[in-house]
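In the numbering used here, the protein residues as written are 47 to 131.
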Amino acid sequence: GVDAFAAFFNDAGGGKDGAGFGRLPALDERGIATATVSNNTARIGDGRSTYETGVVSRLNETALRLELREGMSAREAVARLLGLG
Numbered sequence: 047g048v049d050a051f052a053a054f055f056n057d058a059g060g061g062k063d064g065a066g067f068g069r070l071p072a073l074d075e076r077g078i079a080t081a082t083v084s085n086n087t088a089r090i091g092d093g094r095s096t097y098e099t100g101v102v103s104r105l106n107e108t109a110l111r112l113e114l115r116e117g118m119s120a121r122e123a124v125a126r127l128l129g130l131g
């Protein structure tokens, strides 16, 4: 199979025992840039909301190497990943 290049998830406010951030290290091991967006900025389970209004809350090391940063909009992060921003 082919791995994804990047993934965005809602942090669900951290969730129980930090579950909202749990995939960051696992996907980092696979070289997949991963970010969470704050549940205060995007609806959980809604990809369009994540893209249109989400603000990045946490990142894995792969995403940091690609110059994504906490506090940027998900839209800006996607543009940067695509070489458009």
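All residues carry an ideal CB built from backbone N, CA and C; glycine is no exception.
Bear in mind the structure is a predicted one, so any value in this text is a computation, not a measurement.
*Starting from S119, follow the alpha helix (DSSP H) in both directions and report where the run begins and ends.*
Along the sequence shown, one-based indexing puts residue 119 at 73. No alpha helix (DSSP H) holds S119; DSSP gives it neither H nor E.
_Check whether R126 and L110 have beta carbons under 9 Å apart_ = Residue mapping note: residue 126 aligns to position 80 of the sequence shown, counting from 1. Residue mapping note: residue 110 aligns to position 64 of the sequence shown, counting from 1. Against a cut-off of 9 Å, the Cβ pair of L110 and R126 comes out as no contact.
_I believe F67 touches R104 by the beta-carbon criterion, under 8 Å. Please report the beta-carbon distance rounded to the nearest angstrom._
Indexing the sequence shown from 1 puts residue 67 at position 21. Indexing the sequence shown from 1 puts residue 104 at position 58. Rounded, the Cβ-Cβ distance is 5 Å, consistent with contact.
_Pair within 9 Å by beta-carbon distance, A52 and N85_ = In the sequence shown, residue 52 corresponds to position 6, counting from 1. In the sequence shown, residue 85 corresponds to position 39, counting from 1. No, Cβ-Cβ distance for A52 and N85 is not below 9 Å.
*Every unbroken beta strand (DSSP E) inside the region 55 to 106 [3 residues or more]*: 79 to 83, 102 to 105
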